[in-house]
Amino acid sequence: MTTPLEQTGKARAEHVEKMFSKIAPKYDLMNKIMTGGQDIYWRREVICRAKLDAGASLLDLGAGTGDLAREGLKQNPTIHALAADFTLNMMRAGRRDSDKLDWSATDALNLPFGDEVFDAIISGFLMRNVIDIPRALKEQYRALKPGGRIVILDTTKPRKNILTPLINIHLHYIIPFVGGLLTGERDAYTYLPESTQQFLRAEELAAHMAAVGFKNINFEIKMFGTIAIHWGVKDS
Ligand SMILES: C[S@@+](CC[C@H](N)C(=O)[O-])C[C@H]1O[C@@H](n2cnc3c(N)ncnc32)[C@H](O)[C@@H]1O
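Just so we're aligned, residue 3 is where the sequence shown starts under this note's numbering, counting upward by one.
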């Protein structure tokens, strides 16, 4: 059985879409288990870093079930929040009748939006899944208004430290075992930790952001070096 990491281009994107489609019903539960419930705090921080004014337009890209966009609305009920993803099942699993959220079937590499329309674009655990990181960043830069903010929450390649053996047991044994048990999709929960270890270091992602033109780039590392929040601004 091939994993998305052994594939490139369109084949990899299709595999990623199918994988998220299958795990969609249990995605939120597994997220809470994998992160020990810490993702709530990271999501809050992402929204704080987006510095949304009243009435701001927010795009949550690779929104999945929409938790980040929902947190945006919780902190700033006056904003317009759009949750966008290319896996319809993830968005279906996240829809609530009570939500003020808008949804859009969207490929992060070809945003179906004009130039300079959003005050902030945020993403959670999207960037390590896209097949072309520079292009995804360029698209976000294009769709942001001048002065608009990008905030990226994702895993990051952990540096070796005293906790490395424990992190490896968590990533390579516990997550695939629990994920397989809960969703019946052990392959997906083997891919998630493997893609974390093959993803960019935080400094490398920051360099990609700078290369497409973002300024005031910074990042913060969390969860024993396995999670990073990056942010930056489009020049006004
Ligand atoms: C790990 S989930 C993250 C979901 C949510 N953002 C969160 O914070 O929990 C990654 C999401 O990115 C989406 N995705 C991956 N590649 C994409 C692309 N090229 N365009 C749009 N969505 C994409 C997947 O469909 C999936 O819903």
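Quick reminder that beta carbons are idealized off the backbone N, C-alpha and C, glycines included.
Residue i burial status per 10 Å Cβ neighbour count (16 or more: buried)
i	result
T89	buried
P195	buried
R45	buried
I81	buried
G11	exposed
K236	buried
D55	exposed
E222	exposed
L84	buried
D16	Just to set this straight, residue 16 is Glu in the shown sequence, not Asp. So E16 counts as exposed.
F43	In the sequence under discussion, the amino acid at residue 43 is Tyr, which differs from the Phe named in the question. Flag for Y43 reads exposed.
E141	buried
Y29	buried
D104	exposed
N91	buried
P6	buried
A253	Outside the shown range of the chain (3 to 238) lies residue 253, about which nothing can therefore be said.
N218	exposed
L31	exposed
Integer Cβ distance of residue i from residue j, believed to fall under 8 angstroms
i	j	result
M36	I177	6 angstroms
D62	L75	10 angstroms between Cβ atoms; not a contact.
L146	E187	Rounded, the Cβ-Cβ distance is 34 angstroms, inconsistent with contact.
T51	I171	Per the sequence shown, residue 51 should be read as Arg rather than Thr. Going by Cβ atoms, the distance from R51 to I171 rounds to 31 angstroms, so no, they are not a contact pair.
V214	L139	5 angstroms
Q9	I49	About 33 angstroms; that fails the 8 angstroms criterion.
I25	T185	5 angstroms
For residue i: DSSP bridge partner residues
i	result
R151	A122, V235
A85	D62, W105
E222	I231
T80	Answer is none; T80 lacks a bridge partner.
T157	I229
L146	F120
Residue nearest to residue i in terms of C-alpha spacing, selected from the options
i	options	result
G227	P27, F201, P79	F201
V153	Y191, H174, I164, F216	F216
P27	E118, M93, A138, Q142	M93
I169	V214, L84, K224	K224
G68	G38, S106, L139, R151	S106
M211	D189, R144, G57, N33	R144
D87	L184, F127, L183	F127
G234	A83, M129, G149, N78	G149
I229	Q199, I219, Q9	Q199
R23	P79, G96, S197, R151	According to the sequence displayed, residue 23 carries Ser and not Arg. Closest option to S23, Cα to Cα, is G96.
R151	A58, K34, R14	A58
L60	P6, F115, N91	F115
K53	K34, Q40, E73	E73
A65	H174, D189, E19	E19
Min CB distance residue i to chain D below 9 angstroms
i	result
R144	No chain D appears in this structure, which consists of one protein chain only.
Counting pairs of Cβ atoms below 8 angstroms between the region 96-112 and the region 127-135, do you hit three or more?
Counting Cβ pairs under 8 angstroms, three or more are found: they touch.
Can we say the region 85-103 touches the region 116-123, given the rule of at least three CB pairs closer than 8 angstroms?
Between the region 85-103 and the region 116-123, the count of C-beta pairs closer than 8 angstroms stays below three; the two stretches do not touch.
Could you tell me whether the region 200-210 touches the region 154-162, where touching means 3 or more Cβ pairs closer than 8 angstroms?
Three or more Cβ pairs closer than 8 angstroms define a contact, and the region 200-210 meets that threshold against the region 154-162.
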